[in-house]
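Chemist:
Numbering (the numbering used here), first residue to last: 234 to 596.
Take a look at the structure:
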């Protein structure tokens, strides 16, 4: 018997079904995946028959009927989940269609793959179903995204939540409408912001104003908000492979010291650093609290003030590239250079006539 055959036998466990039920259930519990990142998109509904079928059956609320695999409320024959072709069509004319005042039927969709335990066997599905629920239904489409309210993070990109984007009003409206179905209890949200977009291009809307809308109207029980400064991803990746990491140390020093990049950092790396510079995304807690107090009405749920952190997002295929950038920056920016730039900073501040004020605060 070859070594390969021996290894194959060692990796094969053929008597799992003979184990005691209690032990099998414990194994399935241990197989539940860790916290996932669910990228949520708002797309226009094109399936009018599904909408009409839901209304005809008396489901005029958020509690859309639970559909069996391979079945819709309209015909009982087709899979209700959009195909890859449908998704590409929705994305291609997304901006145009959502801009129309006549397009009010929208659905929440995610390209994040369902947890595999839901499709292994009935026993594993029963265990996984205790953690994952189909959520994010709208009045026009049932929810088909599996989400664990205790561990998973909702991830939305700037093209979904940008106040200057055509889909922002629809996103806030539909999020507010469906939050009674469970969104109000979500405690972790990540938002990819667009830092290369100046304040004037955002319609004068600051990040504090955006976050106040999200806290007041969508996620009043938010405990942790992650501001994503940049995302590296390949087209073939789905959002189930999203990972977060701390901002590159270089950017933290720009934030803390108000320093500009050294002269010999140029080209592609310079563009990348400008793109995810932290001081553009720094949320001021006192400003956020003031805006919320001004916007609250008697019907609003007083929101929690979440902890806010700043991350870079990447997908599995880009991990090697991101770490190579980090390593190059470590070599460029050493302890000696940091001290040198701090000395220059003191001189600049004196010239500005504002001792102790960093350039980050000025800009």
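The beta carbon of each residue, even a glycine, is placed where N, CA and C say it ideally should be.
Given the structure is predicted, the values throughout are model-derived calculations rather than measurements.
Suppose you measure from the CA of residue 346 to the CA of residue 262; what does that come to, to the nearest Å?
Modeler: About 19 Å.
Chemist: Report the residue from 516, 382, 367 whose alpha carbon sits nearest the alpha carbon of residue 375.
Modeler: Residue 375 has its Cα closest to that of 367, out of 516, 382, 367.
Chemist: Exposed or buried, residue 459, counting other C-beta atoms within 10 Å across all chains shown (16 or more means buried)?
Modeler: Classification of residue 459: buried, given that the 10 Å Cβ count is 16 or more.
Chemist: Can residue 370 and residue 278 be called in contact, C-beta distance under 7 Å?
Modeler: No, the pair does not count as a contact, with Cβ atoms beyond the cut-off.
Chemist: Considering only DSSP beta bridges, list what residue 270 is partnered with.
Modeler: Paired residue(s): 386.
Chemist: Pop quiz: residue 422 and residue 461 are said to be a contact at Cβ under 8 Å. What is the actual Cβ separation, rounded to whole angstroms?
Modeler: Wrong, their Cβ atoms sit about 10 Å apart, outside the cutoff.
Chemist: To the nearest angstrom, report how far apart residue 272 and residue 358 are at their CA atoms.
Modeler: Each residue's alpha carbon lies about 23 Å from the other.
Chemist: Should residue 464 go down as buried or exposed, given a rule of 16 or more other Cβ atoms within 10 Å for buried?
Modeler: That one is buried.
Chemist: Taking buried to mean at least 16 other C-beta atoms within 10 Å of its own C-beta, is residue 390 buried or exposed?
Modeler: Buried, because 16 or more other Cβ atoms sit within 10 Å of the Cβ of residue 390.
Chemist: In chain order, what residues of the same chain have a beta carbon less than 8 Å from the beta carbon of residue 501, not counting five sequence neighbours either side?
Modeler: In this predicted model, residue 501 has a pLDDT of only 46, less than 50, meaning its place in the structure is not dependable; the value taken from the coordinates is given anyway. Result list for residue 501: empty, nothing under 8 Å.
Chemist: Do you know offhand how far residue 478's Cα is from residue 547's?
Modeler: Those two C-alpha atoms are separated by around 8 Å.
Chemist: Name the DSSP bridge partner or partners of residue 370?
Modeler: DSSP lists no partner for residue 370.
Chemist: For the candidate residues 448, 440, 372, whose alpha-carbon lies nearest to that of residue 517?
Modeler: Considering only alpha carbons, the answer is 440.
Chemist: Roughly how many angstroms lie between the CA atoms of residue 494 and residue 557, to the nearest whole one?
Modeler: Per-residue confidence for residue 494 stands at a pLDDT of 44, beneath the threshold of 50, marking its modelled position as unreliable; the derived number appears in the next sentence. Taking the straight line joining both Cα atoms gives about 18 Å.
Chemist: Count the other CB atoms, across all protein chains shown, that sit within 10 Å of the CB of residue 531; report buried if there are 16 or more and exposed otherwise.
Modeler: Exposed, because fewer than 16 other Cβ atoms sit within 10 Å of the Cβ of residue 531.
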